[in-house]
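Participant: Structure in structure tokens, see below.
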Amino acid sequence: MPHPKFCQVCATPLEWIALMEDGGPKERLRCPNCGHTHWNNPTPVLAAIVEYRGQVLLARNAAWPGKMFALITGFMEAGETPEEGIAREVKEETNLDVSATKIVGAYDFQRMNQVIIAYHVVADGEVKLSPELVDYRLYDLPDLKCWPAGTGYALADWLRTRGHEPVFFTAAENEERRRGLNLPPEPGNAS
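In the working numbering, the protein residues as written are 86 to 276.
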């Protein structure tokens, strides 16, 4: 993720400045005029392993190549719990209603400066994709393949809880799956 160039408080160009912090000297982007520090904290992103009528729903974002399907994801919003947020995201992106939610874990996604909070959700209703998504597929658990990043690790951990040893895409398969993905995913579309 690119760093901001200007102070959010006074618009002065930011500089890498080392200051003493609790853990010792730390270089961060800081404003030489007003002293504001850009902390660059990771953004919380919610992810759902959507169980739909006994299968797992994976979706393809409109910006992704045709072979790339992943979990339903989105940014957590102010004023909601993670559980409320993931139910909202599933509803917004698939039109499905969540009836059960269980946390799978938290995963780093440093490439996008995000922390992914992953849930397994049981959902039902009629699938109607948001304009952000262009396709979805339903998978039986033995047919799921995991990807070596962010939400792929969450899917692998969840599969283990269901008695399935996860199978990951090989490096060549993952490269083919991602072929054409020249830009990082849009915010909220962690893969």
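Glycine included, C-beta positions come from ideal geometry on N, C-alpha and C.
With C-beta atoms as the reference, is P227 less than 8 Å away from H205?
Facilitator: Along the sequence shown, one-based indexing puts residue 227 at 142. Along the sequence shown, one-based indexing puts residue 205 at 120. In this structure, H205 does not lie closer than 8 Å to P227 by Cβ.
Participant: What is the rounded straight-line gap between the Cα of R196 and the Cα of A234?
Facilitator: The sequence position of residue 196 within the sequence shown is 111, counting from 1. The sequence position of residue 234 within the sequence shown is 149, counting from 1. Distance between the alpha carbons of R196 and A234: 9 Å.
Participant: Looking only at its own chain, which residues have a Cβ that is under 7 Å from the Cβ of K152, when we skip the five neighbours before and after it?
Facilitator: Translated into the one-based positions of the sequence shown, residue 152 becomes position 67. Result list for K152: E261, R262, in chain order.
Participant: Please go through the same chain and pick out, in chain order, the residues whose beta-carbon is closer than 8 Å to the beta-carbon of F91, but skip the five residues on each side of it.
Facilitator: Position 6 of the sequence shown holds residue 91. Here the set comprises T97, P98, L99.
Participant: Could you give the distance in angstroms between the alpha-carbon of V207 and the alpha-carbon of T122?
Facilitator: For this step, residue 207 is matched to residue 122 along the sequence shown. For this step, residue 122 is matched to residue 37 along the sequence shown. Cα to Cα, the separation comes out at about 42 Å.
Participant: To the nearest angstrom, report how far apart E162 and P127 are at their CA atoms.
Facilitator: Counted from its first residue, the sequence shown places residue 162 at position 77. Counted from its first residue, the sequence shown places residue 127 at position 42. Their backbone Cα atoms lie some 14 Å apart in a straight line.
Participant: Check whether the Cβ of D182 sits closer than 7 Å to any heavy atom of the ligand MN, and report yes or no.
Facilitator: In the structure shown, the ligand MN is absent, as is every other ligand, since no ligand is present at all.
Participant: Do G159 and E169 count as a contact pair if the criterion is CB distance below 8 Å?
Facilitator: Position 84 of the sequence shown, counting from 1, holds the residue named residue 169. Position 74 of the sequence shown, counting from 1, holds the residue named residue 159. No, these two residues do not count as a Cβ contact at 8 Å.
Participant: Just to confirm, are I351 and T186 a CB contact at a threshold of 8 Å?
Facilitator: Only positions 86 to 276 of the chain appear in the structure, and residue 351 is not among them; the question remains open.
Participant: Assuming V130 and I201 make a contact with CB atoms under 8 Å, what is their CB distance in whole Å?
Facilitator: The residue you call residue 130 lines up with position 45 of the sequence shown. The residue you call residue 201 lines up with position 116 of the sequence shown. That pair is a contact at about 5 Å.
Participant: Per DSSP, P110 forms a beta bridge with which residues?
Facilitator: Along the sequence shown, one-based indexing puts residue 110 at 25. M105, per the DSSP bridge assignment.
Participant: Can you give me the start and stop residues for the alpha helix (DSSP H) that T236 sits inside?
Facilitator: The count along the sequence shown starts at 1 and reaches residue 236 at position 151. Counted as a single uninterrupted DSSP element, the alpha helix (DSSP H) harbouring T236 occupies residues 235 to 246.
Participant: CB-CB under 7 Å to E211, same chain, minus the five flanking residues each way: which ones, in chain order?
Facilitator: The count along the sequence shown starts at 1 and reaches residue 211 at position 126. Within the same chain, E211 has close Cβ partners N180.
Participant: When you compare only the Cα positions, how much space is there between I171 and K111?
Facilitator: In the sequence shown, the residue the question calls residue 171 occupies position 86. In the sequence shown, the residue the question calls residue 111 occupies position 26. Looking at the two C-alpha atoms, the distance is approximately 35 Å.
Participant: Which full runs of the alpha helix (DSSP H) of 4+ residues lie inside the stretch 160 to 197, going along the chain?
Facilitator: 167 to 179
Participant: Looking only at C-alpha atoms, which of R222, L244, A241 sits nearest to L142?
Facilitator: Reading the sequence shown from its first residue, position 57 is the one you call residue 142. When only C-alpha atoms are compared, the closest one is R222.
Participant: If I'm right that G190 touches A239 with Cβ under 8 Å, what's the distance once you round it to whole angstroms?
Facilitator: For the purposes of this step, residue 190 is taken as residue 105 along the sequence shown, with counting starting at 1. For the purposes of this step, residue 239 is taken as residue 154 along the sequence shown, with counting starting at 1. The Cβ separation is near 6 Å, so the contact holds.
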